[in-house]
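Chemist: For what it's worth, the working numbering labels the leading residue of the sequence shown as 1447, then goes sequentially.
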Amino acid sequence: MTTAAALEARNVSKRFQGVQALSGVSVDVPHGAVTCLLGDNGAGKSTLIKILSGIHPPDQGEVALDGTRVRFRSPRDALDLGIACVYQDLAMIPLMPVARNFVLGREPTRGRGPARRVDWKHAADVTRHQLENVGIRLRDPNQPVGTLSGGERQCVAIARAVYFGASVLILDEPTSALGVREAGLVLRLVRETRDRGLAVLFITHNVAHAEAIGDRFIVLNRGKELARCVSGEVGREELQDLMAGGPEMDALVADRKTAT
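(1) Report the residue from Gln1600, Arg1552, Leu1647 whose alpha carbon sits nearest the alpha carbon of Glu1628.
(2) Ile1659 and Ile1495 - do their beta-carbons sit closer together than 8 angstroms?
(3) If we count the other Cβ atoms within 10 Å of its Cβ and call it buried at 16 or more, is Val1547 buried or exposed?
(4) At which residue ranges does the stretch 1492–1565 contain complete beta strand (DSSP E) runs of 3 or more residues, listed in the order of the chain?
(5) So Ser1499 packs on Pro1521, CB below 8 angstroms; how close in whole Å?
(6) If you follow the alpha helix (DSSP H) that Gln1466 is in, where does it begin and where does it stop?
(7) Below 8 angstroms on the Cβ atoms is my contact criterion, and I expect Ala1455 with Gly1669 to pass it. Report the Cβ-Cβ distance as a whole number of Å.
(8) Three or more C-beta pairs under 8 angstroms: does that hold for the stretch 1590–1600 against the stretch 1505–1519?
(9) Kindly indicate which residue of Gly1557, Gly1470, Pro1590, Asp1474 has the alpha-carbon position closest to the one of Phe1648.
(10) Could you tell me which whole alpha helix (DSSP H) segments of length 4 or greater appear in the stretch 1560–1608?
(11) Under DSSP, the beta strand (DSSP E) around Leu1644 begins and ends at which residues?
(12) Name, in chain order, the residues that DSSP records as bridge partners for Leu1483.
(13) State buried or exposed for Gly1490, treating a residue as buried only when at least 16 other CB atoms are found within 10 Å of its CB.
(14) Mind checking who Arg1461 pairs with in its DSSP beta bridge?
(15) Hey, quick one: how far does the alpha helix (DSSP H) through Leu1685 stretch, first residue to last?
(16) Could you please give me the residues that DSSP links to Val1676 through a beta bridge?
(17) If you drop the 5 nearest sequence neighbours on each side, which residues of the same chain put their C-beta closer than 7 angstroms to that of Leu1672?
(18) If we ignore side chains and look at the alpha-carbon of each, how far apart do Arg1558 and Leu1584 end up?
(19) What number of angstroms, rounded off, separates the C-alpha of Leu1577 from the C-alpha of Thr1481?
(20) With distances taken between CB atoms, is the gap from Gly1551 to Gly1611 smaller than 8 angstroms?
(21) Have a look at Gln1589 and Gly1681 and give me their C-alpha separation to the nearest angstrom.
(22) Buried or exposed for Pro1446, please, with buried defined as at least 16 other CB atoms from any protein chain shown within 10 angstroms of its CB.
(23) State the Cα-Cα distance for the pair Leu1484 and Ala1607, rounded to the nearest angstrom.
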């Protein structure tokens, strides 16, 4: 695992209609590591990843890629620079074939000029090969993506991002709606992606999943950084306590004990 930061948010703040979503948050995502971003609902996780992926500009602070400050005008700018974000809803079209979903927006072509056509055979071959590399054997690359399980669809989205050259992979709650076996499939692929040298930002509520694959942990609470640690420094219970409010929760418990 290296320590060079592939993607950074530096003292980022964001406000929406009187609500302070983020206040001076700094996050670094190194190459060859899984950085887990933890926090309860309303902690600011979604706002942060939308800033890192080009959906929202920060009100204050900056985003840097490999040490160089960048400004995104749209998510396409971030994607073109190698930052791929896989959201919980996957942004796939269930009735469309797996192969078409895999190459959507980057369809391979053959021929020139007026004779230029989408090469669907090449798209199917690439899709089959890339998914076999991550342990998914398709009956037919042209079967609807909606026939795949939730874990398989997550793997399609991750494999697609890696194939098209992502150097930073942002995963938004990729295991939240999956069973044990399906979640295991996704977590294994995340580890393999990290081992290829990619920088992975893994957003999750599931402390067990974070502990299983995380190299580094950043906990947000009410738009601020609550804690930062590396694997081996904290246990599952400590991370769970931090997500539940950390010192604030301890203070509430202490006040109740005093009152009784």
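Even for Gly, the Cβ is constructed at its ideal location relative to N, Cα and C. Computed from a predicted model, the values in this text were never measured in an experiment.
Modeler: Reading from the atomic positions:
(1) Nearest C-alpha to Glu1628: Gln1600.
(2) With a cutoff of 8 angstroms on beta-carbon distance, Ile1495 and Ile1659 are scored as not near each other.
(3) Per the sequence shown, residue 1547 should be read as Asn rather than Val. With 16 or more Cβ atoms within 10 Å of its Cβ, Asn1547 is classed as buried.
(4) Runs of the beta strand (DSSP E) lying entirely within the stretch 1492–1565, each at least 3 residues long, are 1506–1511, 1514–1516, 1529–1532 in chain order.
(5) Confirmed, Cβ separation roughly 6 angstroms.
(6) No alpha helix (DSSP H) contains Gln1466, which is instead part of the beta strand (DSSP E) from 1465–1476.
(7) Taking C-beta atoms under 8 angstroms as the contact rule, Ala1455 and Gly1669 fail to qualify, at a distance of about 13 angstroms.
(8) Contact fails: fewer than three Cβ-Cβ distances are below 8 angstroms.
(9) Selected option, being the one with the closest Cα: Asp1474.
(10) Unbroken alpha helix (DSSP H) stretches of 4 residues or longer found wholly inside the stretch 1560–1608: 1566–1579, given in chain order.
(11) From DSSP, Leu1644 is part of no beta strand (DSSP E); its letter is neither H nor E.
(12) Answer by DSSP bridge pairing, in chain order: Ile1649, Ile1664.
(13) Gly1490 comes out buried.
(14) Gln1466.
(15) First-last of the alpha helix (DSSP H) with Leu1685: 1682–1689.
(16) According to DSSP, Val1676 bridges with Arg1662.
(17) A distance below 7 angstroms between beta-carbons, with the five flanking residues on each side excluded, links Leu1672 to the following residues of its chain, in chain order: Val1665, Leu1666, Leu1688, Gly1692.
(18) So the two alpha carbons sit approximately 31 angstroms from each other.
(19) Distance between the alpha carbons of Leu1577 and Thr1481: 24 angstroms.
(20) No.
(21) Looking at the backbone, the Cα of Gln1589 and that of Gly1681 are separated by about 43 angstroms.
(22) With the chain covering only 1447 through 1706, there is no way to say anything about residue 1446.
(23) Leu1484 and Ala1607: Cα-Cα distance of roughly 23 angstroms.
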